[in-house]
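Trainee:
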Amino acid sequence: RRSPSHAPSLCPAASVPRDGASSKVIKLDSVRQIAEKNKHALLDITPSAVERLNYVQYYPVVVFCEPESRQGIKAMRQWLAPDSRKSSRRLYAQANKMKKYCSHLFTATISLSGSGNAWYEQIQDIVRTQQSQPVWTTAEQV
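Here is the structure:
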């Protein structure tokens, strides 16, 4: 088990500024480049982005990381993103809303309770299981 000071080694997809906005987006080409290396892109995306990925036949493995509490979000954020200024109260409310209204998009749900990086190991297990299963498509898509 790693100590809380050591975050898992990740290779994030490059994000670029959205035209005329302060927010950033991850281009499908970035996801494709990661997939071509036989890797999985680990993305923090919105439900509408999941629907777009399904539409373009990327069929993502969607893991909902369920926080145990507002305090749990705050602790994890301090560990993994200490410079983040996002409100833990708002993030917790947002997570509950996603669970209620978007669970049909989730491949799996993991709990973020406890400390350490058990959540990361669970994500790896889910991805391994999912990648070994066939993706069903219509005959026209083959």
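For the sequence shown, the UniProt record's numbering gives the first residue as 1, with consecutive numbering after it.
We put the beta carbon where it would ideally sit given N, CA and C, even for glycine.
It should be emphasised that the depicted structure is a prediction, and the values quoted were computed from it without experimental measurement.
For Ile110, report the span of its beta strand (DSSP E) as first-last.
Mentor: 108-111
Trainee: With H, G and I counted as helix, E and B as strand and the rest as coil, what does DSSP make of Glu66?
Mentor: Correct three-state label for Glu66: strand.
Trainee: For Leu105, which option in Lys86, Val62, Arg77 has the closest C-alpha, if you only look at C-alpha atoms?
Mentor: Val62
Trainee: Which residues in the same chain as Leu91 place their Cβ atom closer than 7 Å to its Cβ, once the five residues preceding and following it in sequence are excluded?
Mentor: Residues of the same chain with a CB within less than 7 Å of the CB of Leu91, apart from the 5 flanking positions on each side, are Ile73 in chain order.
Trainee: Sort Ser69, Ser103, Ile126 by Cα distance to Pro47 and report the nearest one.
Mentor: Ser103
Trainee: For Ile123, which residues of its own chain have a beta-carbon under 6 Å away from its beta-carbon, when the five flanking residues on both sides are left out?
Mentor: Val63
Trainee: Assuming contact is defined by CB atoms lying nearer than 9 Å, are Gln71 and Ser87 in contact in what I supplied?
Mentor: Taking 9 Å as the Cβ cut-off, Gln71 and Ser87 do not qualify as a contacting pair.
Trainee: Determine the extent of the beta strand (DSSP E) in which Val25 is found, giving its start and end residues.
Mentor: 24-26
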